[in-house]
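Residue numbers (my numbering), protein chains in the order written: chain A, 5 to 117; chain B, 2 to 116.
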């Protein structure tokens, strides 16, 4: 158990809909990262937050957005969903500073039908 | 810009044989290097990491990796493969880019262990 929790574990929705994925980092971790993993594109970094502020952006679509709240949990919002958005979405957290590993949650499997 | 290259998206070894998964990185500053493992339907878990000091790093489950600056490599090895090692392995680099430390993951290598 990494200490990172993600809800829900599974999500099935229709094209055009909007969903919210939730992540609670390990106690004490200020950084949260979001990743998308699919068979055709592998593990893709989406976005990082540090203590409530956006720190780095990766291959995140404009239809996607995220935020980190004062209690440090984070939410990833996916809107106008397309079939190609079906994937595993991982959240990871880390301690502040360099050389620190990321701790991954179990993921949310999103299926868009 | 930093990058990570994992040679071989799929590697098969026999049980008991040497495991060698290759990772090369590109970074303009000394990097921090990691190997993660992902078992089916799970998140990634840290196997080992290199930050500073000894270049041979030992991790969990009998894995180790050696940082070779001259070759810009961080290959993962295990002397004797077990069936339970079948998983996907990711190399990652964390280094300073434009004033921010960023993580870059490789594309992963899926290890298959043959009985």
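For every residue, glycine included, the Cβ atom is placed at its ideal position computed from N, Cα and C.
Computed from a predicted model, the values in this text were never measured in an experiment.
Contact defined as beta carbons within less than 8 Å: I believe residue i pairs with residue j. What is the distance between those atoms, to the nearest angstrom?
i	j	result
residue 108 of chain A	residue 8 of chain A	6 Å
residue 103 of chain B	residue 60 of chain A	6 Å
residue 93 of chain A	residue 85 of chain A	Contact flag wrong, Cβ pair sits at about 12 Å.
residue 50 of chain B	residue 105 of chain A	6 Å
residue 21 of chain B	residue 76 of chain B	6 Å
residue 3 of chain B	residue 98 of chain B	6 Å
residue 50 of chain A	residue 38 of chain A	4 Å
residue 107 of chain B	residue 5 of chain B	4 Å
Using a 10 Å radius around the Cβ and a threshold of 16 neighbouring Cβ atoms, would you call residue i buried or exposed?
i	result
residue 95 of chain B	buried
residue 53 of chain B	exposed
residue 32 of chain B	buried
residue 14 of chain A	exposed
residue 45 of chain A	exposed
residue 25 of chain A	buried
residue 16 of chain A	exposed
residue 110 of chain B	buried
residue 48 of chain B	buried
residue 115 of chain A	exposed
residue 44 of chain B	buried
residue 11 of chain A	exposed
residue 112 of chain A	buried
residue 28 of chain B	buried
Please list, in chain order, the chain B residues whose beta carbon lies closer than 9 Å to that of residue i.
i	result
residue 80 of chain A	Simply none; closest approach about 15 Å.
residue 111 of chain A	42, 43, 44
Does DSSP classify residue i as helix, strand or coil?
i	result
residue 10 of chain B	coil
residue 51 of chain A	strand
residue 112 of chain B	strand
residue 4 of chain A	The question about residue 4 of chain A has no answer here: the residues shown for chain A are numbered 5 through 117.
residue 29 of chain B	coil
residue 64 of chain A	coil
residue 87 of chain A	helix
residue 78 of chain A	strand
residue 95 of chain B	strand
residue 6 of chain A	coil
residue 97 of chain A	strand
residue 81 of chain B	coil
List the residues of chain A that residue i touches, going by C-beta distances under 7 Å, in chain order.
i	result
residue 45 of chain B	108
residue 59 of chain B	Under the 7 Å cutoff, chain A gives no residues; its nearest Cβ is about 15 Å from residue 59 of chain B.
Does the beta-carbon of residue i, which I'm using as the reference point, lie nearer than 7 Å to any heavy atom of the ligand ZN?
i	result
residue 66 of chain A	As for the ligand ZN, it is missing from this structure, which has no ligand bound.
Please list the partners that residue i has in chain A, where partner means a Cβ-to-Cβ separation under 8 Å.
i	result
residue 109 of chain B	46, 47
residue 91 of chain B	47
residue 50 of chain B	103, 105
residue 75 of chain B	Neighbours of residue 75 of chain B on chain A: none; closest Cβ ~14 Å, over 8 Å.
So residue i contacts chain E; which residues on that side make the cut at Cβ distance below 8 Å?
i	result
residue 90 of chain A	The structure shown contains no chain E; its protein chains are A and B.
What residues of chain B sit near residue i, judged by a beta carbon separation below 7 Å?
i	result
residue 60 of chain A	101, 103
residue 94 of chain A	44
Name, please, each residue of chain B whose Cβ falls closer than 8 Å to the Cβ of residue i.
i	result
residue 6 of chain A	44, 46
Measuring CB atoms only, is the stretch 89-99 of chain B touching the stretch 33-42 of chain B, in the sense that at least three cross pairs come out at less than 8 Å? yes
Is there contact between the stretch 91-105 of chain A and the stretch 64-80 of chain B, where contact requires at least three CB pairs shorter than 8 Å? The stretch 91-105 of chain A is not in contact with the stretch 64-80 of chain B.
Indicate whether the contact test is met: 3 or more Cβ pairs, each with one atom in the stretch 12-27 of chain B and one in the stretch 11-31 of chain A, closer than 8 Å. no
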